[in-house]
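These notes are about the structure you will find just below.
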Amino acid sequence: MDVALLQSFIQLVNPSLGIAMVVLALLLVFYPRRRSTATLEVTQLYAYPIKGIRGTALQKACIGRYGLVGDRTFCLQKVHRNGSNKTHKTMLAGLDLQLALFRAAIRYDERSANETGEVVVTWDGRSTQLDTTHEIRFPLNPPTDSLDEMEIDLHGSSTKAYDMGDDLSKWFADRLGFEARLVYIGECSRAVLGSLAPHGQKGLQKSSGLVGQLQAMLPFNQYPAERLVFADIAHYLVVTEESNNHVTSLLTDGYTMDITKFRPNIVVKGASGPFVEDFWGELTFDGNIRMPLTANCHRCQSITVDFNTGKPATDDRGTVWKKLNKTRRVDKGAKYSPVFGRYGYCFGSSVGKTIVVGQEARVTRVNRERTIFDWPGLAVYGVKK
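Laid out in structure tokens, this is it:
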């Protein structure tokens with residue numbers, strides 16, 4: 002913290018607030034932080050331009066305001082009709098397993114610093130009742146002036162979004178077998194609920210103890226509260242190869258766990274063992290890219306899908322959720338579901354930087370206890386009934 006700036010500000014505020022800021026500055030300098038000595042390496046990067054659909058592997062990616070640039074800015078809405086009434090519901094990988102038959106890649110325009118490009122969607126289903134057009138393309142950042150607006154709800158957090166039109170929506174609907182709309186979020190965003198946002202009021206109080214509580218008392222925050230596009234509840238999902246290898250060890254008949262079924266953004270290796278990431282509070286990637294990790298990811302049924310059928314796998318891979326659920330129900334806030342991976346956010350000077358495969362990272366904060374999931378209404382999401 003800039004001491005001169007702090008002193009100048011104190012002169013403009015009442016004495017009690019000035020004292021609080023001095024205490025806060027001292028705490029930020031001297032407050033002990035538990036760190037891990039492990040050096041991690043980024044081994045895989047993924048972006049998912051359309052929520053719920055299989056994504057694309059990247060060698061490098063740009064850190065955006067709401068996650069990797071191009072990640073989950075589109076989603077599919079299932080249309081429900083009751084007479085003249087029409088409602089929409091966001092399609093989710095864990096509830097709509099047939100989404101696994103689609104894959105979406107991003108073809109970035111290298112001349113524009115990864116801000117523009119196109120989305121290429123391929124369909125891996127095979128039905129003689131449909132035409133042979135198994136691929137469609139559309140802009141990564143389409144203009145919204147001529148698009149109809151929609152109100153979208155995702156896990157209780159709503160946003161305005163834009164209907165991409167009949168042609169694209171019909172392409173998806175024909176293959177899904179029911180009416181659906183492709184939707185783009187544009188410049189809109191959703192609120193982070195609970196205490197997951199590092200710079201939200203509840204997040205400051207929860208994540209940093211006394212330091213966070215003092216920050217929350219001040220009339221300003223250095224950074225605004227984080228927001229989301231169509232990612233479920235965070236900017237990033239980080240998983241480790243060590244934990245995925247453990248899941249593979251649970252499977253029989255020589256099967257391996259496909260790490261992409263966990264839908265990570267960032268895969269790292271170098272952890273001291275499986276699931277030590279449960280306690281990670283922050284990663285810092287080379288280039289001073291800070292990523293607070295604020296919540297566990299409790300898993301839904303999407304990890305059981307067979308990518309060839311869009312249905313639960315009929316072999317041992319279809320039992321992976323049940324196998325994990327025997328030992329990985331470790332989050333008191335989602336006590337009926339297994340945990341795999343950590344949710345994270347980036348902010349401030351990290352935005353605009355690039356993360357690449359092979360980049361090193363360090364665990365710069367380790368929590369003494371596991372975080373407790375508190376997004377309202379999602380405690381039992383994904384539980385097999």
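For what it's worth, the working numbering labels the leading residue of the sequence shown as 2, then goes sequentially.
Each residue gets a CB set at the ideal place from its N, CA and C atoms; glycine is no exception.
A Cβ-Cβ separation of about 17 Å leaves residue 168 out of contact with residue 151 under the 8 Å criterion. Looking at the DSSP output, residue 366 shares a beta bridge with 283. For residue 164, the enclosing beta strand (DSSP E) stretches over residues 158-164.
For residue 173, the enclosing alpha helix (DSSP H) starts and ends at 167-177. For the set 52, 301, 107, the Cα lying nearest the Cα of residue 58 is the one of 107. The three-state secondary structure of residue 331, taken from DSSP, is coil. Judged by DSSP in its simplified three-state form, residue 236 adopts coil rather than helix or strand. Cβ-Cβ distances below 7 Å link residue 262 to 303, 304, 306 in the same chain, with the five nearest sequence neighbours on each side left out; the list follows chain order.
In its chain, beyond the 5 residues on either side, 284, 345, 347 have a beta carbon closer than 6 Å to the beta carbon of residue 292. Put simply, of 324, 361, 296 the residue whose alpha carbon is nearest the alpha carbon of residue 288 is 361.
Around the beta carbon of residue 336, a 10 Å sphere encloses fewer than 16 other beta carbons of the protein chains shown; the residue is thus reported as exposed. Shown here for residue 351: same chain residues with a beta carbon closer than 7 Å to its own, the five before and five after excluded, namely 64, 290, 291 in chain order. Counting C-beta atoms within 10 angstroms of its own C-beta, residue 244 has 16 or more neighbours from the protein chains shown and is therefore classed as buried. Judged by DSSP in its simplified three-state form, residue 98 adopts helix. Straight-line spacing of the CA atoms in residue 270 and residue 171 works out to 41 Å.
When secondary structure is reduced to three states using DSSP, residue 259 falls in the coil class, being assigned neither helix nor strand. Around residue 45, the same chain offers 268 as residues with beta carbons nearer than 6 Å, after the five sequence neighbours per side are excluded. Counting along the chain, the unbroken beta strand (DSSP E) around residue 89 starts and ends at 86-91.
Cα atoms of residue 326 and residue 146: separation of roughly 47 Å, rounded to the nearest angstrom. For the pair residue 166 and residue 240, the CB atoms are not nearer than the 9 Å cut-off. An exposed status is given to residue 144, since fewer than 16 other beta-carbon atoms sit within 10 Å of its beta-carbon. Cβ contact annotation for residue 368 (same chain, cutoff 6 Å, sequence separation greater than five): 280, 282, in chain order.
Excluding five sequence positions before and after residue 332, the CB atoms of its chain that fall closer than 7 Å to its own CB belong to 297, 299, 340, 371, 373, 374, given in chain order. Of the candidates 253, 148, 111, 198, 148 places its Cα closest to the Cα of residue 182. By the Cβ-count criterion, residue 68 is buried, with 16 or more other Cβ atoms from all chains shown falling within 10 Å of its own Cβ. By the neighbour-count criterion, in which 16 or more other beta carbons inside 10 Å mark a residue as buried, residue 136 falls on the exposed side.
Judged by DSSP secondary structure, residue 83 falls within the beta strand (DSSP E) whose first and last residues are 75-83. Fewer than three pairs of CB atoms, one per stretch, sit closer than 8 Å, so the stretch 191-200 makes no contact with the stretch 85-93. The Cβ atoms of residue 100 and residue 77 lie closer than 9 Å to each other. Taken in chain order, the whole beta strand (DSSP E) runs of length 3 or more contained in the stretch 299-350 are 340-345. Distance from the CA atom of residue 49 to the CA atom of residue 178, rounded to whole angstroms, is 22 Å.
Counting along the chain, residue 136 sits inside the beta strand (DSSP E) bounded by residues 136-140.
With respect to residue 363, residue 62 sits apart: the two C-beta atoms are not nearer than 9 Å. Of the candidates 232, 98, 119, 232 places its Cα closest to the Cα of residue 190. The alpha carbon of residue 230 has as its nearest neighbour, out of 52, 86, 88, the alpha carbon of 52.
Burial state of residue 97 is buried, judged by a 10 Å Cβ sphere holding 16 or more other Cβ atoms.
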